[in-house]
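For what it's worth, this note's numbering labels the leading residue of the sequence shown as 289, then goes sequentially. Glycine included, each C-beta is placed from N, C-alpha and C at the ideal position. One structure below.
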Amino acid sequence: MKNVFHLHIFILLFSFTVVAQENPVRLIEEVQKKRTILYVQNDTDTDKSVFLKVNPIGYRRSAQRPVIKNIPAKSKTQILILIPLTDVDSHYTYDLIVNEQLKNIDVDRSKNTRKEAPVSSILRSEIIIFTKKGCKKCELLISKLKEKHIKYREVNIDTKSRYREYLWELLNRDGYDKNTIGVPLGIIKGKLQYPIDDLDTFILSVSIN
289 MKNVFHLHIF ILLFSFTVVA QENPVRLIEE VQKKRTILYV QNDTDTDKSV
339 FLKVNPIGYR RSAQRPVIKN IPAKSKTQIL ILIPLTDVDS HYTYDLIVNE
389 QLKNIDVDRS KNTRKEAPVS SILRSEIIIF TKKGCKKCEL LISKLKEKHI
439 KYREVNIDTK SRYREYLWEL LNRDGYDKNT IGVPLGIIKG KLQYPIDDLD
489 TFILSVSIN
């Protein structure tokens, strides 16, 4: 009887191990010559939604993007392609979260919508270049900023009314007439730069700031 009892325990443990190893929703990889394709196998009788986050080393940056996808019942679905970098050892770990319905893990984007910063705070913290369509001097200034790798925000006064109204307030405060003002016009961290007669001098002042 003792041996039979031990045999029963062994069978139960063996069965549990087999079940644990055969996860009904699992990640499967297919290694090809220049890529690795990741699939999710769903052996259950119901659709499953999965969240996959790969932690790659030695792969293109696109491999870092998390994926949320619905996996139909009894199916194998491609979910991600990993492209290894040349002459670099590559490997990865991953987190796979499985839920019954997609809505359980879908991000509530309404709560995470990025709110636009107030214009005043943007103008105080960034380099703003006001331009308008057809302005050759504006185009030349933008080209020079790009050549110097200077970070800036371009604002077209014909289309960006949110910025334009705030600009008019600054101009009126400094005694300028908005009806005769010309572009390009700059604001360096809240300080109005007008007129911009010499582009190279302006670029130098921007570099110093």
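*Close Cβ partners of P483 (< 6 Å) along its chain, the five nearest in sequence each way excluded*: none
*By DSSP, does D488 sit in helix, in strand, or in coil?*
helix
*Count the other CB atoms, across all protein chains shown, that sit within 10 Å of the CB of G422; report buried if there are 16 or more and exposed otherwise.*
exposed
*What is the rounded straight-line gap between the Cα of I356 and the Cα of I316?*
16 Å
_I need the DSSP call for K466, collapsed to helix, strand or coil._
coil
*Alpha carbon to alpha carbon, how far is Q309 from R323?*
Note that Q309 scores 46 on pLDDT, short of 50, meaning its location in the model is unreliable; the coordinates nonetheless yield the value given after this. Rounded to the nearest angstrom, the two C-alpha atoms are 26 Å apart.
*Rounded to whole angstroms, what's the CA-CA distance from N392 to N358? Just pull it up for me.*
Bear in mind that a pLDDT of 44 at N392, under 50, signals an unreliable position, so the model cannot answer this.
*Whole-number beta carbon distance between L373 and S347, since they are thought to touch under 8 Å*: In the sequence under discussion, the amino acid at residue 347 is Tyr, which differs from the Ser named in the question. 7 Å between Cβ atoms; contact.
*How should I345 be labelled, buried or exposed, when 16 other C-beta atoms within 10 angstroms of its C-beta is the threshold for buried?*
exposed
_For a test of your reading of the model: does the CB of P372 fall under 7 Å from any non-hydrogen atom of the ligand NAD? Yes or no._
The ligand NAD is not part of this structure, which contains no ligands at all.
*In terms of alpha-carbon separation, which member of W456, P354, R461, L473 lies closest to N467?*
W456
*Pull up the distance between the alpha-carbon of L340 and that of V376, whole angstroms please.*
24 Å
_For C426, tell me which candidate among N311, S378, D335, D486 has the shortest Cα-Cα distance._
D486
*Out of F418, V342, K321, state which residue places its alpha-carbon closest to the alpha-carbon of T381.*
V342
*Would you grab the beta carbon distance between K477 and R412 for me? Rounded to a whole angstrom, and I think it's under 8 Å.*
6 Å
*asked:* For I445, tell me which candidate among S493, G470, H437, K336 has the shortest Cα-Cα distance.
replied: G470
*Under three-state DSSP, which class holds V338?*
strand
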